[in-house]
Amino acid sequence: MLLIGRDLSPFVRRTVTVIEVLGLPYERRKLATADAPEAVAELNPLARVPALVLEDGEVLIDSAAIIDYLLEIGDPDQRLLPAAGAARRAVLRHSAMAIGVMEKGVAAAYEMRRRPAELVHAPWLDYIKQQVRDGLAYLEGVCGAMAAKGDMRLDAINAVVAYDYIGLVHPDLVSPELAARAALSEQANALPAFRDTQWKPD
Ligand SMILES: N[C@@H](CCC(=O)N[C@@H](CS)C(=O)NCC(=O)O)C(=O)O
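Per numbering that gives the first Met the number 0, the sequence shown starts with residue 0, numbered consecutively.
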């Protein structure tokens, strides 16, 4: 299978991290929507990454749908996402928060980089940035337990990717005092699945 997208995108990185954690064979094509929207649109008419091209040519789009497929083929024991009950709901709740942080972080970056400065509406940008801070504060409250478990389930993957992305693109939004985040990030980024998917410009 072929994963389309570069690791700067938190949606791409969370997907490729799941592939790596599960040890699935794959190839990469690090296309960026900013540089090559037409090439991405050939696979996904929305011109968004990630996309996953399967061996038979079927194309999966959206990190949630792709990860659903990856868990189906690569996680029969449901290590990353428990099958049912409170444990599953917790992983999904924490993941939803982390994905929300990614979405708001990307939205804030687009506000700042894709608009001429005079067309940026500062109150709206401030509102989005506060959503990022609030999402990170929620995650800080659950990261300690994830780090203590140490098993890097889907919620921990999403939390680390969300924190790393915000730290990279909006460092002013990540308080250095977030101790649980720091512990979880340090633990995760020592593992190849995280270390090898950190954003590095080509
Ligand atoms: N819900 C989608 C979001 C994907 C997404 O927004 N990707 C960004 C890169 S971070 C993108 O392709 N943006 C280009 C655009 O939306 O025009 C997912 O989880 O895959």
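Using N, Cα and C, we set each Cβ at its ideal position, and we do this for glycine too. Computed from a predicted model, the values in this text were never measured in an experiment.
Outcome for residue i when other beta-carbon atoms lying within 10 angstroms are tallied against a minimum of 16
i	result
Leu-135	buried
Pro-92	In the sequence under discussion, the amino acid at residue 92 is Arg, which differs from the Pro named in the question. Answer is exposed; the Cβ neighbour count stays below 16.
Arg-205	Only positions 0 to 201 of the chain appear in the structure, and residue 205 is not among them; the question remains open.
Pro-44	exposed
Asp-201	exposed
Tyr-162	buried
Gly-149	exposed
Ser-174	exposed
Asp-154	buried
Glu-139	buried
Pro-191	exposed
Arg-152	buried
Ala-146	buried
Pro-49	buried
Local conformation of residue i per DSSP, three classes
i	result
Val-119	coil
Ser-174	coil
Asp-76	coil
Ala-83	coil
Arg-180	helix
Leu-91	helix
Lys-199	coil
Asp-150	coil
Ala-189	coil
Arg-112	helix
Beta-carbon separation (whole angstroms), residue i vs residue j, contact threshold 8 Å
i	j	result
Asp-74	Leu-7	Not a contact, Cβ separation roughly 26 Å.
Thr-14	Ile-60	Not quite, the Cβ-Cβ distance comes to about 11 Å (not below 8 Å), so this is no contact.
Ile-165	Val-100	6 Å
Met-0	Val-52	7 Å
Glu-19	Thr-196	7 Å
Phe-10	Ser-94	With 8 Å as the limit, Phe-10 and Ser-94 do not qualify as a contact, their Cβ atoms being about 12 Å apart.
Gly-143	Ala-187	Contact flag wrong, Cβ pair sits at about 14 Å.
Per DSSP, cross-strand counterpart(s) of residue i
i	result
Ile-3	Arg-28 and Ala-50
ask   = Can you list the alpha helix (DSSP H) stretches of 4 or more residues lying completely in the segment 8-63, in chain order?
value = 9-21 and 36-42
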